[in-house]
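Chains as they are written, first to last, in this note's numbering: chain H, 11 to 200; chain Z, 11 to 200; chain V, 11 to 200; chain P, 11 to 200.
There are 4 protein chains.
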Amino acid sequence: MAVAGRPRSDESHKAILQAAYDLLAEGGLAGFTFERVAARAGVSRSTIYRWWPNKGALAMESTLGSLTAELRISPDLSPIENIHLRLRRVAEAMKGPTGRIIAGMLAEGQQDPDTITSFTEGYLEPARGTMRALLRQAIDEGYLPADFDVETAMDVSFGSLYHQLMLRRSLEADWVERLTHFMFGRALLR
Amino acid sequence: MAVAGRPRSDESHKAILQAAYDLLAEGGLAGFTFERVAARAGVSRSTIYRWWPNKGALAMESTLGSLTAELRISPDLSPIENIHLRLRRVAEAMKGPTGRIIAGMLAEGQQDPDTITSFTEGYLEPARGTMRALLRQAIDEGYLPADFDVETAMDVSFGSLYHQLMLRRSLEADWVERLTHFMFGRALLR
Amino acid sequence: MAVAGRPRSDESHKAILQAAYDLLAEGGLAGFTFERVAARAGVSRSTIYRWWPNKGALAMESTLGSLTAELRISPDLSPIENIHLRLRRVAEAMKGPTGRIIAGMLAEGQQDPDTITSFTEGYLEPARGTMRALLRQAIDEGYLPADFDVETAMDVSFGSLYHQLMLRRSLEADWVERLTHFMFGRALLR
Amino acid sequence: MAVAGRPRSDESHKAILQAAYDLLAEGGLAGFTFERVAARAGVSRSTIYRWWPNKGALAMESTLGSLTAELRISPDLSPIENIHLRLRRVAEAMKGPTGRIIAGMLAEGQQDPDTITSFTEGYLEPARGTMRALLRQAIDEGYLPADFDVETAMDVSFGSLYHQLMLRRSLEADWVERLTHFMFGRALLR
DNA sequence: ATTTAAGCGAGACGGTACGTCTTGTCTTGAG
DNA sequence: CTCAAGACAAGACGTACCGTCTCGCTTAAAT
Numbered sequence: 011m012a013v014a015g016r017p018r019s020d021e022s023h024k025a026i027l028q029a030a031y032d033l034l035a036e037g038g039l040a041g042f043t044f045e046r047v048a049a050r051a052g053v054s055r056s057t058i059y060r061w062w063p064n065k066g067a068l069a070m071e072s073t074l075g076s077l078t079a080e081l082r083i084s085p086d087l088s089p090i091e092n093i094h095l096r097l098r099r100v101a102e103a104m105k106g107p108t109g110r111i112i113a114g115m116l117a118e119g120q121q122d123p124d125t126i127t128s129f130t131e132g133y134l135e136p137a138r139g140t141m142r143a144l145l146r147q148a149i150d151e152g153y154l155p156a157d158f159d160v161e162t163a164m165d166v167s168f169g170s171l172y173h174q175l176m177l178r179r180s181l182e183a184d185w186v187e188r189l190t191h192f193m194f195g196r197a198l199l200r
Numbered sequence: 011m012a013v014a015g016r017p018r019s020d021e022s023h024k025a026i027l028q029a030a031y032d033l034l035a036e037g038g039l040a041g042f043t044f045e046r047v048a049a050r051a052g053v054s055r056s057t058i059y060r061w062w063p064n065k066g067a068l069a070m071e072s073t074l075g076s077l078t079a080e081l082r083i084s085p086d087l088s089p090i091e092n093i094h095l096r097l098r099r100v101a102e103a104m105k106g107p108t109g110r111i112i113a114g115m116l117a118e119g120q121q122d123p124d125t126i127t128s129f130t131e132g133y134l135e136p137a138r139g140t141m142r143a144l145l146r147q148a149i150d151e152g153y154l155p156a157d158f159d160v161e162t163a164m165d166v167s168f169g170s171l172y173h174q175l176m177l178r179r180s181l182e183a184d185w186v187e188r189l190t191h192f193m194f195g196r197a198l199l200r
Numbered sequence: 011m012a013v014a015g016r017p018r019s020d021e022s023h024k025a026i027l028q029a030a031y032d033l034l035a036e037g038g039l040a041g042f043t044f045e046r047v048a049a050r051a052g053v054s055r056s057t058i059y060r061w062w063p064n065k066g067a068l069a070m071e072s073t074l075g076s077l078t079a080e081l082r083i084s085p086d087l088s089p090i091e092n093i094h095l096r097l098r099r100v101a102e103a104m105k106g107p108t109g110r111i112i113a114g115m116l117a118e119g120q121q122d123p124d125t126i127t128s129f130t131e132g133y134l135e136p137a138r139g140t141m142r143a144l145l146r147q148a149i150d151e152g153y154l155p156a157d158f159d160v161e162t163a164m165d166v167s168f169g170s171l172y173h174q175l176m177l178r179r180s181l182e183a184d185w186v187e188r189l190t191h192f193m194f195g196r197a198l199l200r
Numbered sequence: 011m012a013v014a015g016r017p018r019s020d021e022s023h024k025a026i027l028q029a030a031y032d033l034l035a036e037g038g039l040a041g042f043t044f045e046r047v048a049a050r051a052g053v054s055r056s057t058i059y060r061w062w063p064n065k066g067a068l069a070m071e072s073t074l075g076s077l078t079a080e081l082r083i084s085p086d087l088s089p090i091e092n093i094h095l096r097l098r099r100v101a102e103a104m105k106g107p108t109g110r111i112i113a114g115m116l117a118e119g120q121q122d123p124d125t126i127t128s129f130t131e132g133y134l135e136p137a138r139g140t141m142r143a144l145l146r147q148a149i150d151e152g153y154l155p156a157d158f159d160v161e162t163a164m165d166v167s168f169g170s171l172y173h174q175l176m177l178r179r180s181l182e183a184d185w186v187e188r189l190t191h192f193m194f195g196r197a198l199l200r
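Below, the structure written as structure tokens:
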């Protein structure tokens with residue numbers, strides 16, 4: 011049952027998200043301003059304020075879509091190999107604009123807890139869900155021992171990866187490989 | 011041999027660092043302003059600009075002293091236990107104001123790479139140095155296999171710990187214990 | 011047909027002009043600061059910057075109104091007497107706050123030519139217009155010779171008067187009287 | 011009888027005056043700063059503060075020498091012609107850097123009365139002295155009537171000339187000629 | 001057909017902080 | 001006693017954003 015009043019402009023909505031994404035990709039958190047987003051989107055500032063309470067929320071929404079795309083599983087690989095592949099892809103993505111955006115959101119979140127919540131719910135938990143399933147499968151199929159600590163494994167893998175990102179340290183393929191070896195042992199990766 | 015010119019006021023210097031530390035401890039990065047630091051320290055703003063190029067540098071210097079205090083080794087414990095103890099202490103410290111400050115600096119560093127450099131050189135590398143020594147000792151004394159990947163172990167331990175911090179997730183003792191178990195295996199912790 | 015956007019606050023506008031006038035009247039150019047004007051007007055600094063490009067412009071606008079008031083002609087006096095009266099009144103006004111303001115604007119104009127332009131167009135030219143009319147009338151009515159140099163007479167009268175002002179020299183009635191005698195000859199002043 | 015202590019550096023003294031003069035000539039009052047004078051003179055700021063109480067005094071002293079140079083009388087001309095010549099030369103000088111400096115000092119004097127005093131005593135009164143002598147000579151020799159108001163004539167000539175300068179109006183030769191005509195009548199100038 | 005209820009642009013407003021600049025004072029060490 | 005060097009408190013500068021606000025216009029559902 012539609013409410014009275016002029017409906018929300020889908021055009022503006024999209025333009026804002028796109029402008030926000032572009033700005034974040036270009037300069038990270040610095041230079042990410044409501045004013046600039048509005049200017050680039052060709053939209054009035056108040057329209058942004060009407061729909062997003064703060065920069066974190068806007069940054070989140072403008073980014074989430076593009077983040078979840080790469081979460082795909084190859085059924086012809088072993089669970090451990092699948093995990094390795096996923097980590098490698100995520101690391102790869104983090105080297106580009108997506109990485110700047112995520113780092114920016116984690117940074118923004120230090121001032122505004124809501125951003126952390128959105129980030130966790132919107133991106134991290136889904137990612138952990140897939141990873142969790144893979145780890146459980148690995149246990150079920152005997153690749154990992156029954157008492158393998160799944161949750162900690164995820165804290166470790168995501169944690170070290172994103173920390174690496176924030177410190178602007180290496181996210182190259184061999185770093186990911188060493189990480190996987192460290193977590194699972196060399197034997198499990200053909 | 012002192013240089014010409016009025017010498018730097020040690021009093022102001024200390025007052026600035028103290029005020030900066032207090033502000034960071036109180037409100038984290040938000041509300042950490044040169045203006046407020048100056049006001050609280052009873053110092054003119056230009057004096058701060060004269061000595062610190064940006065907020066990150068000031069935040070760093072105001073915190074480093076209190077950070078390095080806790081880097082002490084108990085010689086009567088095994089290397090693994092020492093590592094565990096260190097991680098627990100660091101995690102404990104991160105729950106208080108120090109944690110907010112470090113999270114703030116990592117956040118600030120996303121806009122200003124110099125802050126990351128200062129953080130790495132001033133705090134992280136020294137911490138890694140101690141940790142590295144302990145891990146090598148553990149290998150030498152047979153607690154860990156000869157091919158144990160020391161560097162990755164540090165990426166993992168510090169990484170997951172600080173990521174946990176930034177996500178405002180648990181830093182409780184049992185989390186640290188699970189982390190240590192995950193990295194070294196339960197057997198090694200008495 | 012009003013333009014879109016929040017309309018300019020007439021209240022703030024007036025408060026700014028009033029505060030500017032008061033500050034100028036009190037202390038002349040020294041102490042005339044956007045910051046103080048803002049504080050006294052109870053207005054944010056940016057509001058002033060939005061409407062006036064520099065101090066001179068604000069000083070001008072805050073003063074022009076009160077300046078043009080005194081330009082009135084008494085029809086029952088001879089043109090020469092009218093001129094004399096006008097000069098005496100202007101000189102009188104220059105002894106008060108208005109004088110400090112005008113001196114301040116002429117001073118300010120040495121750094122910023124726009125201030126001079128505003129002053130000339132907003133105040134001086136109108137004043138010269140009236141004076142010019144009186145001089146022409148005096149010629150027409152035979153008080154002054156046909157080849158009397160009207161423009162130079164105005165350069166001389168205004169010039170010596172405002173120079174006197176800037177040098178903080180006498181602006182008393184007898185000085186004005188001597189000036190008039192010098193320009194027109196004693197005979198013409200009853 | 012020399013006083014104890016290091017003698018005043020004549021080199022610094024001259025460098026300061028020269029730097030001050032240059033800065034004034036280049037940019038007028040704007041950009042005339044103790045800091046810049048010190049920098050350009052290769053002198054410490056405190057040295058300037060030790061010898062000059064404020065900008066006006068420094069501006070004055072740096073300029074006075076070059077101002078009085080042009081006050082010379084040609085004995086083979088009539089007094090009126092000499093006056094005319096003098097005014098023309100002063101007007102000519104005012105079109106260059108000297109003019110900017112004098113205008114700057116008159117402006118500066120609106121904030122600091124001492125500058126006005128220095129200006130009057132150091133430059134204006136001497137100039138008026140010469141002019142006064144010429145006018146008296148003109149009266150004595152019958153070029154001007156015995157009751158010619160000498161002081162007012164000087165107020166008028168200098169006043170209109172310097173006002174013209176401050177308004178950035180014409181200081182061309184024909185303007186000076188019209189001024190002389192206005193004051194003395196056409197007959198007296200061949 | 002008219003009212004009502006948003007959405008939206010434009011843009012003013014009070015604030016806060018930025019980083020820079022200048023002022024006038026002070027403190028040191030060297031001449 | 002002078003001078004260079006330079007630190008210091010104070011405070012204004014002009015700019016950039018913030019979050020809020022007031023308008024007038026537009027768009028659609030409800031009356």
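Even for Gly, the Cβ is constructed at its ideal location relative to N, Cα and C.
Computed from a prediction, not measured in an experiment: that's the story for all the values here.
Practice item. Name, going along the chain, the residues of the stretch 114-125 of chain V whose beta-carbon falls closer than 9 Å to a beta-carbon of chain P. Key: G114, L116, A117, E118, G119, Q120, Q121, D122, P123
Point to revise | Y153 of chain Z (DSSP reduced to helix, strand or coil) | key: coil
Review point. Is it right to say V13 of chain H is buried, meaning 16 or more other beta carbons lie within 10 angstroms of its own, or is it exposed?
Key: exposed
Exercise for review: Flag T162 of chain P as yes if its beta-carbon sits less than 7 Å from any beta-carbon of chain V, otherwise no.
Suggested key: Yes, its Cβ sits closer than 7 Å to a Cβ of chain V.
Review point. Pairing CB atoms from the stretch 111-129 of chain V with CB atoms from the stretch 45-64 of chain V, are three or more of them under 8 Å?
Key: yes
Check your understanding: Is the CB of S72 of chain H under 7 Å away from at least one CB in chain Z?
Key -> no
Point to revise | Cα-Cα separation, M11 of chain P to G169 of chain P | key: Because the pLDDT of M11 of chain P is 46, which lies under 50, any placement of that residue in the model is unreliable, and the question is left without a value.
Check your understanding: Which ranges does the beta strand (DSSP E) cover as unbroken runs of at least 3 residues, wholly within the stretch 119-172 of chain H, from first to last along the chain?
Key -> none
**Study point:** Under 9 Å by beta carbon: chain H residues contacting H94 of chain Z
**Key:** Those do not exist, as H94 of chain Z stays about 14 Å from chain H at its closest Cβ, beyond 9 Å.
Practice item. Using a cut-off of 7 Å between C-beta atoms, extract the partners of G169 of chain Z located in chain H. Key: G169, S170, H173, Q174
Review point. Would you call the CB atoms of M176 of chain H and L39 of chain Z closer than 7 Å?
Key: no
Review point. Is DSSP giving W61 of chain P helix, strand or coil here?
Key: helix
Practice item. Determine, using beta carbons only, whether P85 of chain Z and Q147 of chain Z come nearer to each other than 7 Å. Key: no
Check your understanding: Taking one C-beta from the stretch 42-52 of chain V and one from the stretch 12-29 of chain V each time, how about it: are there three or more such pairs within less than 8 Å?
Key -> yes
Check your understanding: On the three-pair Cβ rule with 8 Å, is the stretch 128-141 of chain P touching the stretch 66-75 of chain P?
Key -> A contact exists between the stretch 128-141 of chain P and the stretch 66-75 of chain P.
Point to revise | Status (buried if at least 16 other CB within 10 Å, exposed otherwise) for A113 of chain H | key: Looking at its Cβ environment, which holds 16 or more other Cβ atoms inside 10 Å, A113 of chain H is buried.
Practice item. Just the chain H side, please: which residues come within less than 9 Å of A40 of chain Z by C-beta, in chain order? Key: Q120, Q121, D122
Check your understanding: Along chain Z, which residues have their Cβ under 9 Å away from the Cβ of R188 of chain H?
Key -> D159, E161, T162, D165
Point to revise | Proximal chain Z residues relative to L177 of chain H, where beta-carbon distance stays under 7 Å | key: In chain order: I126, T130.
Check your understanding: So H191 of chain Z and D159 of chain H are in contact, right, with Cβ under 8 Å, and what is the actual spacing, rounded?
Key -> 7 Å
**Study point:** Buried or exposed by the 16-neighbour rule on C-beta atoms within 10 Å, applied to A183 of chain P
**Key:** exposed
Check your understanding: Using a Cβ-Cβ distance under 7 Å, would F44 of chain Z count as near chain H?
Key -> no
Check your understanding: In chain order, which alpha helix (DSSP H) runs of at least 4 residues are fully inside the stretch 38-118 of chain Z?
Key -> 44-51, 55-61, 65-78, 89-104
Exercise for review: Would you verify that the beta carbon of F194 of chain P is, or is not, closer than 7 Å to some beta carbon of chain V?
Suggested key: Not one chain V Cβ lies under 7 Å of F194 of chain P.
Check your understanding: What residue from V:P17, V:S19, V:D20, V:H173 has the CA that sits closest to K105 of chain V's CA?
Key -> V:H173
Exercise for review: Quick one: grab the DSSP three-state call for L177 of chain V.
Suggested key: Correct three-state label for L177 of chain V: coil.
Point to revise | Reduced DSSP category for R188 of chain H - H, G, I as helix; E, B as strand; rest coil | key: helix
Review point. Does the separation of the CB atoms of R138 of chain Z and M164 of chain Z fall below 7 Å?
Key: yes
Check your understanding: Taking all protein chains shown into account, do 16 or more other C-beta atoms lie within 10 angstroms of the C-beta of E161 of chain H, making it buried, or fewer, making it exposed?
Key -> E161 of chain H is exposed by the Cβ-count criterion.
Review point. Under 8 Å Cβ-Cβ, which residues of chain V neighbour H191 of chain P?
Key: D159, T162
Exercise for review: Just tell me which of H:L181, H:R60, H:W185 has its CA closest to the CA of S19 of chain H.
Suggested key: Ranking the options by Cα distance to S19 of chain H, first place goes to H:R60.
Point to revise | Identity of the residue in Z:S180, Z:M193, Z:G119, Z:L95 nearest P155 of chain Z by Cα | key: Z:M193
Point to revise | Rounded separation between E102 of chain P and G15 of chain Z - CA only | key: Approximately 46 Å, taken between the alpha carbons.
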